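For reference, each letter of the sequence shown is one residue, going 1 to 591 in the numbering used here.
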Amino acid sequence: MINVDGSLNVYKTKGKVDNLCEFCNDKDVSGTVGIAHTRWATHGEPSARNAHPHFSQSHNLAIIHNGIIENYADIKQRLMGKGVKFVSDTDTEVLVQLIEYIMVSKNLSLQEAVPLALYQVIGAYAIAVLDKRAPRQIVAARKQSPLVVGIGDGEFFLGSDASPIIEYTDKVVYLEDGNIAFIRLNERQEGGESDDSGMELKVTSILGEEQKLQVNTVDFDLGQIEKGGYPHFMLKEIFEQPDCLTNCMRGRVNVEADHVTLSALIDYRRQLLNAKRVIIVACGTSWHAGLIGKQLIETFCRIPVEVEYASEFRYRNPVVNKDDVVIAISQSGETADTLAAVQLAKERGAFIYGICNAIGSSIPRATHTGTYIHVGPEIGVASTKAFTGQVTVLTMFALALAEAKGTLDRDEYLKVVKGLSEIPDKIREVLKTNDHVADLARTFTYAHNFLYLGRGFSYPVALEGALKLKEISYIHAEGYPAAEMKHGPIALIDSDMPVVVVATHDAMYEKVLSNIQEIKARKGRVIALVTQGDDTIARIADEVIELPDVMECLEPLVATIPLQLLSYHVAVCKGKDVDQPRNLAKSVTVE
Ligand code: AGP
Numbered sequence: 001m002i003n004v005d006g007s008l009n010v011y012k013t014k015g016k017v018d019n020l021c022e023f024c025n026d027k028d029v030s031g032t033v034g035i036a037h038t039r040w041a042t043h044g045e046p047s048a049r050n051a052h053p054h055f056s057q058s059h060n061l062a063i064i065h066n067g068i069i070e071n072y073a074d075i076k077q078r079l080m081g082k083g084v085k086f087v088s089d090t091d092t093e094v095l096v097q098l099i100e101y102i103m104v105s106k107n108l109s110l111q112e113a114v115p116l117a118l119y120q121v122i123g124a125y126a127i128a129v130l131d132k133r134a135p136r137q138i139v140a141a142r143k144q145s146p147l148v149v150g151i152g153d154g155e156f157f158l159g160s161d162a163s164p165i166i167e168y169t170d171k172v173v174y175l176e177d178g179n180i181a182f183i184r185l186n187e188r189q190e191g192g193e194s195d196d197s198g199m200e201l202k203v204t205s206i207l208g209e210e211q212k213l214q215v216n217t218v219d220f221d222l223g224q225i226e227k228g229g230y231p232h233f234m235l236k237e238i239f240e241q242p243d244c245l246t247n248c249m250r251g252r253v254n255v256e257a258d259h260v261t262l263s264a265l266i267d268y269r270r271q272l273l274n275a276k277r278v279i280i281v282a283c284g285t286s287w288h289a290g291l292i293g294k295q296l297i298e299t300f301c302r303i304p305v306e307v308e309y310a311s312e313f314r315y316r317n318p319v320v321n322k323d324d325v326v327i328a329i330s331q332s333g334e335t336a337d338t339l340a341a342v343q344l345a346k347e348r349g350a351f352i353y354g355i356c357n358a359i360g361s362s363i364p365r366a367t368h369t370g371t372y373i374h375v376g377p378e379i380g381v382a383s384t385k386a387f388t389g390q391v392t393v394l395t396m397f398a399l400a401l402a403e404a405k406g407t408l409d410r411d412e413y414l415k416v417v418k419g420l421s422e423i424p425d426k427i428r429e430v431l432k433t434n435d436h437v438a439d440l441a442r443t444f445t446y447a448h449n450f451l452y453l454g455r456g457f458s459y460p461v462a463l464e465g466a467l468k469l470k471e472i473s474y475i476h477a478e479g480y481p482a483a484e485m486k487h488g489p490i491a492l493i494d495s496d497m498p499v500v501v502v503a504t505h506d507a508m509y510e511k512v513l514s515n516i517q518e519i520k521a522r523k524g525r526v527i528a529l530v531t532q533g534d535d536t537i538a539r540i541a542d543e544v545i546e547l548p549d550v551m552e553c554l555e556p557l558v559a560t561i562p563l564q565l566l567s568y569h570v571a572v573c574k575g576k577d578v579d580q581p582r583n584l585a586k587s588v589t590v591e
């Protein structure tokens, strides 16, 4: 924090934000402008020394930074040659030292020097910089890392997304790539001579052209980002899935449950209808949703679909044609790799359709059209309701496109739409297994490895179950198509190995049943997800979790739920930090 007298108070701690709050209890945290940062270590270990803010050599400038400065080593070398001394291992310190070097050598203000410094930088950044000699201003900028300005009553806020800001204001400006924001508290206000807010926000491009401010109203309330009586956000978010999916379908699946309308398919009918191929780009859980989307679109619409890790797609010179439709899936809408994949596909002439949760975030803004999943802010790092929201939108998309193309039999179409509309109630039923799953979790907490198996629509469910477990419990887990087990993973099976098998009544039931027998023959411990009333598997498996009967294409929406609960309860039993697992970030804005 900087005070008007130019005094600068800096507090840093290692570990959780709560540690910092406690540390600051008896400290002076007053001031006119302040910056704060939680660091996701890219350069240098997590430590107070490497924590932000970083300072210029004179200690006049302080900076916080999300992202990576790729050419930091070159710039550092150059500055060291000019006598600049560094105290941390970070790329961020290089940037603030560069800003100061430009200010001093060219006799410029902070506002003038920041664009010149950023001009020399290769990489991604969202920064906020203070100068203690100018205690009424803050300069912020973004490139490939999100940055939002909140406009309050006589105050401004900066955040990497709107959720920490909505407690204070619902008016936000989303900065575009290459934007620099100058926020200033006018001096006359401090003398009490002005009855206006006395604050000023100006946004320019890196070349100094003033940008028109577009002020957006954020429409979620505080309740959505509170735990509402649940011990963790993740559990709350698992349990709110029935309501979230109802919201996701509202106005899209009609009340009679016999028709799906997506505005994107009305506004961009030609582009979507003429698609020769669909390429889905995403990361992590969103990529798993993409695998389900592939099966839905190929089955209903008879269009070939490729599903790509956005991080691979962006760097491998992919073949993208003008009649390709690229679907970008992202909860946060800020994932750097997915955003870059969108930009690449767009440059190559593809039509881009986004499926995102965070309203106004970078990916929806970069796409031609899209559909928001509308499941409300997801706070737990492990994605749960966003996944089922993405799968719901993909189902609606495939249905709407199939209807427009005439590729799906009318009766089948009606059956799927009806089945989809009933999913929230089916999930309510599955959630009743929570206590049973919690008991199971206690039994299996000992394990160091887990295998997850599924086939067809259940294969991505197995992948997602494994990812969820490893993210929050730090247990090694692998997802496989069940039939692949015999090509390698079967070697791992012994009496210590829990194998979670999605074995519901679908086209592959008999085959998956054989896989379960193969596991039992090697003394593996089977936890099977079965359709209600399945006695056959109940007799062979060690544990079963029963699921309501749904159409095969909708099964991921119900089968995912007990796997979310299983990973949650295992992590709780192991005493892990469920909502903020180590080394992970909610928005991965670095590549
Ligand atoms: C999900 O549990 C993970 N936290 C992670 O895999 C996530 O899905 C991935 O980083 C992609 O994020 P996005 O959906 O915001 O693009």
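All C-beta atoms, glycine included, are put in the ideal place defined by N, C-alpha and C.
Computed from a prediction, not measured in an experiment: that's the story for all the values here.
With a cutoff of 8 Å on beta-carbon distance, Pro562 and Val430 are scored as near each other. Pro424 places its beta carbon 8 Å or farther from that of Pro548. For a cut-off of 8 Å, the C-beta gap from Ile373 to Ala382 is around 16 Å, too long to register as a contact. Secondary structure at Arg250: coil, using DSSP grouped into helix, strand and coil.
Take Pro135, set aside five residues on each side of it, and the residues of its chain with a beta-carbon closer than 6 Å to its own are Ile2, Val4, Gly6, Thr32, in chain order. Three or more Cβ pairs closer than 8 Å define a contact, and the stretch 470-484 meets that threshold against the stretch 568-576. Annotated as distal: Leu61 and Val121, with beta-carbon spacing of 8 Å or more.
Per DSSP, the beta-bridge partners of Met199 are Leu185. The beta carbons of Ile352 and Ala328 sit closer together than 8 Å.
Inclusion of Leu529 and Met485 in the CB contact set at 8 Å is not warranted, their separation being larger than that value.
Bridge partners of Arg277 according to DSSP: Asp324. By the criterion of at least three beta-carbon pairs nearer than 8 Å, the stretch 282-302 is in contact with the stretch 402-412.
Using a 10 angstroms sphere on the CB of Ser311, the tally of other CB atoms reaches 16 or more, which defines it as buried.
For Gly465, the distance from the CB to the nearest heavy atom of the ligand AGP is not below 7 Å. Between the ligand AGP and Gly284, a heavy atom-to-CB distance of less than 7 Å is present.
The three-state secondary structure of Thr32, taken from DSSP, is coil. Contact between Leu399 and Tyr413 holds: their C-beta atoms lie close to 6 Å from each other, under 8 Å.
Contact between the stretch 101-112 and the stretch 85-92 is absent, with fewer than three C-beta pairs closer than 8 Å. Per the DSSP secondary-structure output, Leu158 pairs in a beta bridge with Val149.
As the crow flies, the alpha-carbon of Asn274 is around 25 Å from that of Ser286. For Ala340, the enclosing alpha helix (DSSP H) has its first and last residue at 336-347. Between the C-alpha atoms of Ala441 and Ala126 there is a straight-line separation of about 40 Å.
The beta carbons of Leu513 and Ile490 sit about 16 Å from each other, so the pair does not count as a contact at 8 Å.
If you compare the alpha carbons of Lys212, Val139, Thr367 with that of Ala340, the shortest gap goes to Thr367.
Between Leu262 and Arg269, the C-beta gap is not smaller than 8 Å, which leaves the two residues out of contact. Taken from the Cβ of Gln120, every heavy atom of the ligand AGP lies 7 Å or farther away. In summary, Phe233 is buried, with 16 or more beta-carbon neighbours lying within 10 Å of its beta-carbon over all protein chains present. Each residue's CA atom was taken as its position, placing Tyr101 and Ala36 some 23 Å apart.
Going by DSSP, Asn449 is part of the beta strand (DSSP E) stretching over 449-454.
In this structure, the CA atom of Val501 is about 15 Å from the CA atom of Asp535. Contact annotation: Gln295 and Phe86 have beta-carbon atoms that are not nearer than 8 Å. Taking the CA atoms as reference points, Ala117 sits about 37 Å from Asp26. Annotation note: the stretch 373-461 contains the following uninterrupted beta strand (DSSP E) runs of length 3 or greater, listed N- to C-terminal: 449-454. Residue range 284-301 is occupied by the alpha helix (DSSP H) that includes Gly293.
In the DSSP assignment, Asp131 forms a beta bridge with Leu61. Rounded to whole angstroms, the separation of the alpha carbons of Val149 and Val173 is 5 Å.
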